[in-house]
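Peer 1: Pasting a structure here, questions to come.
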């Protein structure tokens, strides 16, 4: 899928940012399944999160978890590419904000300035983010299946 390929070459963030202003009801090329959630903050603000399926294979699926609402002009909304392993019933972040192929451990210091346990921290953030969606998120509408002929 072109969307997955653009994520791998780090242009995914720019494409997603351009899509934030587009109408989400317009169909995309190929088959796509996405669900959007709204999480209300104590201050009354709404944060929208989209979970979209990019690839589906027999034993794995690839998802994009994207925050659609920009909460600060200084911080980019999180975008995480997730690989779901159906047979093992697990998932892991395979890319975050354009960074990919994380090692299990990094030496300190390292040229990319990653934390020693960068991969674990990203996966922990993913788990907390998805838990928040389950606990406090409200689906905007029923699932939308779009298949271009």
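Numbering (the working numbering), first residue to last: -17 to 131. Backbone N, C-alpha and C define an ideal beta-carbon position, used for all residues, glycine too. Here the structure is a predicted model, which means the values were calculated and not measured.
#1: Since residue 19 sits in a beta bridge, which residues does DSSP pair it with?
#2: Drop a sphere of 10 angstroms on the beta-carbon of residue 51, count the other beta-carbons inside from all chains shown, and report buried for 16 or more, exposed for fewer.
#3: Strictly by DSSP, which residues pair up with residue 63?
#4: Just the C-alpha distance for residue 8 and residue 17, rounded to the nearest angstrom, thanks.
#5: Since residue 72 sits in a beta bridge, which residues does DSSP pair it with?
#6: Does the separation of the CB atoms of residue 29 and residue 55 fall below 8 angstroms?
#7: For residue 63 and residue 90, I'd like the C-alpha separation in whole angstroms.
#8: Are the CB atoms of residue 119 and residue 31 nearer to each other than 8 angstroms?
#9: Take the Cβ of residue 123 as the centre, count every other Cβ of all protein chains shown within 10 Å, and call the residue buried at 16 or more, exposed below.
#10: Could you check what DSSP says for residue 85 in three-state terms: helix, strand or coil?
#11: Using the C-alpha atoms, what's the distance from residue 24 back to residue 105?
#12: Would you decide whether residue 44 is buried or exposed? Buried here means 16 or more other CB atoms lie within 10 Å of its CB.
#13: When burial is assigned at 16 or more other CB atoms within 10 Å of the CB, is residue 38 buried or exposed?
Peer 2: Inspection of the coordinates gives the following:
#1: On the chain shown, position 37 is the one that residue 19 refers to. Paired residues: 31, 121.
#2: Looking up residue 51 in the chain shown gives position 69. By the 10 Å Cβ count, residue 51 comes out exposed.
#3: Start at 1 with the first residue of the chain shown, and residue 63 comes out as number 81. Beta-bridge pairing links residue 63 to 46, 77.
#4: The residue labelled residue 8 in the question sits at position 26 within the chain shown. The residue labelled residue 17 in the question sits at position 35 within the chain shown. A caution first: residue 8 carries a pLDDT of 41, below 50, which makes its placement in the model unreliable, though a value can still be read off. Cα to Cα, residue 8 sits roughly 14 angstroms from residue 17.
#5: The residue labelled residue 72 in the question sits at position 90 within the chain shown. Looking at the DSSP assignment, residue 72 forms a beta bridge with 67.
#6: Residue 29 sits at position 47 when you count from the first residue of the chain shown. Residue 55 sits at position 73 when you count from the first residue of the chain shown. No; because the gap between Cβ atoms is not below 8 angstroms, this pair is not in contact.
#7: As a position in the chain shown, residue 63 is number 81, starting the count at 1. As a position in the chain shown, residue 90 is number 108, starting the count at 1. Between residue 63 and residue 90, the C-alpha separation is close to 26 angstroms.
#8: In the chain shown, the residue the question calls residue 119 occupies position 137. In the chain shown, the residue the question calls residue 31 occupies position 49. Result yes, Cβ atoms of residue 119 and residue 31 sit closer than 8 angstroms.
#9: By 1-based counting over the chain shown, the position of residue 123 is 141. Exposed, because fewer than 16 other Cβ atoms sit within 10 Å of the Cβ of residue 123.
#10: Residue mapping note: residue 85 aligns to position 103 of the chain shown, counting from 1. Note: residue 85 maps to coil in three-state DSSP.
#11: Along the chain shown, read from residue 1 onward, the residue named residue 105 stands at position 123. Along the chain shown, read from residue 1 onward, the residue named residue 24 stands at position 42. For residue 105 and residue 24, the distance between alpha carbons rounds to 25 angstroms.
#12: Residue 44 sits at position 62 when you count from the first residue of the chain shown. Residue 44 comes out buried.
#13: Numbered from its first residue, the chain shown carries residue 38 at position 56. Under this definition residue 38 is an exposed residue.
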